[in-house]
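In UniProt numbering, the protein residues as written are 1 to 170. Note that beta-carbon positions come from the ideal geometry of N, C-alpha and C, so glycine has one too. As the structure is a computational prediction, the values presented were derived from the model and not from experiment.
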């Protein structure tokens with residue numbers, strides 16, 4: 001049994017309560033931790049800036065959804081290499097504006113993760129396990145060579161500076 005402490009689910013909202021200070025906007029991580037998820041499922045951000053959690057294959061039904069603000073998206077994107085296509089796709093989009101139940105829970109197929117058969121899912125799972133095994137071996141080898149692997153592989157390491165502000169209309 002592991003001694004890992006699981007943090008409590010965030011209860012922060014992004015609404016103004018009318019008092020002196022507006023409530024702090026939740027971080028992307030807080031929003032993701034609040035999503036209903038199952039072990040065989042996954043999460044995926046759609047081009048509408050809505051983060052959705054999906055059930056396991058083959059159906060991949062939407063279990064939960066939350067709209068991300070441009071600041072949430074930027075904080076996630078800045079942790080990966082910059083892409084003009086990605087910046088252009090997400091520029092000026094605000095997932096918090098997606099409020100229709102149908103839009104949240106029945107997104108277009110292009111926003112969904114791949115639908116695997118049970119056999120394809122097992123193959124993908126094995127490939128992921130193999131990738132992770134090789135990654136951990138590489139990390140240990142680099143650590144032995146004196147590489148600062150904590151800095152190199154940090155999840156929150158900023159790699160880019162996306163500009164998701166709306167384009168000026170000319």
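- Here residue 116 carries a coil assignment [DSSP, helix/strand/coil].
- Taken atom to atom, the span from the alpha-carbon of residue 86 to that of residue 79 is near 13 Å.
- Here residue 48 is buried. Its C-beta has 16 or more other C-beta atoms within 10 Å.
- Assigned with DSSP and collapsed to three states, residue 64 falls in strand.
- Residue 32 sits buried, since 16 or more C-beta atoms from the chains shown fall within 10 Å of its C-beta.
- With distances taken between CA atoms, residue 55 lies nearest to 114 out of 28, 96 and 114.
- Three or more beta-carbon pairs separated by less than 8 Å are not found between the segment 26 to 42 and the segment 86 to 101, which leaves the two stretches without contact.
- Between residue 44 and residue 164, the C-beta spacing is not below 8 Å.
- Our two residues, residue 82 and residue 153, have alpha carbons roughly 17 Å apart in a direct line.
- For residue 33, the uninterrupted alpha helix (DSSP H) run begins and ends at 28 to 34, by DSSP.
- Taking residue 67 as reference, the option from 53, 59, 143 and 159 with the minimal CA-CA separation is 53.
- In this structure residue 146 is exposed. Its beta-carbon is surrounded by fewer than 16 other beta-carbon atoms within 10 angstroms.
- In the structure shown, residue 133 adopts helical secondary structure according to DSSP, grouped into three states.
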